[in-house]
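Colleague:
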Amino acid sequence: MLQVAIIGLGFFGIRMLDELSEVGSEIIIVDKDAEKIEKYKGKAKASYISDVINKEVFVKIIPPYIDTAIVDFDDKLEPAILTTHYLKQMGIKNIIVQAKSDTHGELLQIAGATQIVYPAMEAARRITPLLISRQLCSYFQLSSDFVIAEVEILDELEGKTLLESGIRNQYGLNVIACRNPGQTEFITISGPDFVFTKDCYILVAGNKNSIENYIKKDIKKERGGTKVLLSRFLKKHK
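Here it is in structure tokens:
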């Protein structure tokens, strides 16, 4: 079972608490706001009302054996740096810290953070491709160059089987699942004989260039200049 300490119940910390509690993780939450602790303690194994800038208290309530620590003090840099430093001293190997800017992120990495999360930046990265092309229904960046996206089927693929479509060879995309118009649930594509129907949606995985190559045909039929905008966006985040 994954053991996690969430220190600071900012927006990111609360979202992580929600997600991790749903998959059965063992969670400790720490925040100086008694109302927040009271509200969310039901999702945690243990909860503490504490100002973690006090190192002695901090070391007592955070077990050194936890798998991951998540730190979120909104835009307050000083407590985030101190907390990250304490966690590093305790030997916590995976320290994820929420930051507002690149400068904050650099300081937190110096303090010992192993991963920096920029919620506003990540939100912008997801929303921008959706605004640029109607072909993209959702866009999830899992690493610097690996993306999972939900896209509309191209006209040229309608009525073809997965094998006939050549989507992997032509576009460099792996098709994971498919859903028909009006449906919310995806069905797994079980083999090469699966037939793409009109107006269906497919879940694909690939790098950013592969996604761009797939949707740029649709962009050409849309507004002038959107292809350039999308290309600039994807190249910027390589």
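Residue numbering for the sequence shown is 0 to 237, as defined by numbering that gives the first Met the number 0.
Even glycine gets a Cβ: it sits at the ideal position worked out from N, Cα and C.
1) Mark Ala-98 as exposed unless 16 or more other C-beta atoms lie within 10 angstroms of its C-beta, in which case mark it buried.
2) Can you tell me where the beta strand (DSSP E) with Ile-147 in it begins and where it stops?
3) Considering only residues of the same chain and omitting the five flanking positions on each side of Val-194, which have a CB-CB separation below 6 Å?
4) Return the CA-CA distance between Lys-87 and Val-22, expressed in angstroms with no decimal places.
5) Where does Ala-33 sit, in a helix, a strand or coil, going by DSSP?
6) On the three-state DSSP scale, how would you describe Phe-11?
7) Taking the alpha-carbon of Ser-209 as reference, which of Arg-167, Phe-72, Gly-9 has the nearest alpha-carbon?
8) Can you tell me whether DSSP reads Lys-220 as helix, strand or coil?
9) Would you say the stretch 15-34 touches the stretch 46-63, given that touching needs at least three Cβ pairs under 8 Å?
10) Tell me Cys-177's beta-bridge partners as DSSP assigns them.
11) Is the distance from the Cβ of Ile-5 to the Cβ of Ile-69 below 8 Å?
12) I need the boundaries of the alpha helix (DSSP H) containing Val-58, first residue and last residue.
13) In the DSSP output, what is Phe-139 paired with across the bridge?
14) Determine the burial state of Ile-65: buried for a count of at least 16 other Cβ atoms within 10 Å of its Cβ, exposed for fewer.
15) To the nearest angstrom, report how far apart Ile-17 and Lys-42 are at their CA atoms.
16) According to the neighbour-count rule (16 or more other Cβ atoms, all chains shown, within 10 Å of its Cβ), is Ala-110 buried or exposed?
17) Report the CB separation of Ala-112 from Thr-83 in whole angstroms; it is logged as a contact under 8 Å.
18) Using the Cβ count rule (16 or more neighbours within 10 Å means buried), how would you classify Asp-71?
19) Measure the alpha-carbon distance for Val-174 versus Leu-162 and round it to whole angstroms.
20) Assuming Tyr-213 contacts Val-146 (C-beta within less than 8 Å), just tell me the rounded distance between them.
21) Under three-state DSSP, which class holds Ile-91?
22) To the nearest angstrom, how far is it from the Cα of Gly-7 to the Cα of Glu-155?
Modeller: On the basis of the supplied data:
1) If you number the sequence shown from 1, residue 98 lands on position 99. Buried, since its Cβ has 16 or more Cβ neighbours within 10 Å.
2) Here residue 147 is taken as the residue at index 148 of the sequence shown, counted from 1. Start and end: 145-151.
3) Counting from 1 along the sequence shown, the entry for residue 194 is found at position 195. So the qualifying residues of the chain are Thr-160.
4) Against the sequence shown, residue 87 aligns to sequence position 88. Against the sequence shown, residue 22 aligns to sequence position 23. Approximately 26 Å between the Cα atoms of the pair.
5) In the sequence shown, residue 33 corresponds to position 34, counting from 1. Ala-33 falls in the helix class under three-state DSSP.
6) Locating residue 11 in the sequence shown gives position 12, counting from the first residue. Three-state DSSP puts Phe-11 in a helix.
7) Stepping through the sequence shown from its first residue, residue 209 is reached at position 210. It is Arg-167 whose Cα lies nearest to the Cα of Ser-209.
8) The residue you call residue 220 lines up with position 221 of the sequence shown. Confidence at Lys-220 is low in this model, with a pLDDT of 45, below 50, so its placement is unreliable and the value that follows should be read with caution. Note: Lys-220 maps to helix in three-state DSSP.
9) yes
10) As a first step, residue 177 is located in the sequence shown; it is residue number 178 there, counting from the start. Its beta-bridge partners are Ile-186, Ile-201.
11) Within the sequence shown, numbered from 1, the residue matching residue 5 stands at position 6. Within the sequence shown, numbered from 1, the residue matching residue 69 stands at position 70. Yes, the Cβ-Cβ distance between Ile-5 and Ile-69 is below 8 Å.
12) Numbered from 1 along the sequence shown, position 59 holds the residue referred to as residue 58. Element bounds for Val-58: 54-60.
13) Here residue 139 refers to the residue found at position 140 of the sequence shown. DSSP lists Ile-147 as partners of Phe-139.
14) For this step, residue 65 is matched to residue 66 along the sequence shown. So Ile-65 ends up on the buried side.
15) By one-based count along the sequence shown, residue 17 stands at place 18. By one-based count along the sequence shown, residue 42 stands at place 43. Contrary to the premise, residue 17 reads as Asp rather than Ile in this sequence. Approximately 8 Å between the Cα atoms of the pair.
16) As a working mapping, residue 110 is identified with position 111 in the sequence shown. Its Cβ being crowded by 16 or more others within 10 Å, Ala-110 is buried.
17) Here residue 112 corresponds to residue number 113 of the sequence shown, with the count starting at 1. Here residue 83 corresponds to residue number 84 of the sequence shown, with the count starting at 1. That pair is a contact at about 5 Å.
18) Translated into the one-based positions of the sequence shown, residue 71 becomes position 72. Classification of Asp-71: buried, given that the 10 Å Cβ count is 16 or more.
19) Position 175 of the sequence shown, counted from the start, is the residue given in the question as residue 174. Position 163 of the sequence shown, counted from the start, is the residue given in the question as residue 162. Approximately 11 Å, taken between the alpha carbons.
20) In the sequence shown, the residue the question calls residue 213 occupies position 214. In the sequence shown, the residue the question calls residue 146 occupies position 147. No, Tyr-213 and Val-146 are not in contact; Cβ-Cβ is about 11 Å, not under 8 Å.
21) Here residue 91 refers to the residue found at position 92 when the sequence shown is read from its first residue. It is coil, neither helix nor strand.
22) Taking the sequence shown and counting its residues from 1, one reaches residue 7 at position 8. Taking the sequence shown and counting its residues from 1, one reaches residue 155 at position 156. Going from the Cα of Gly-7 to the Cα of Glu-155 covers about 50 Å.
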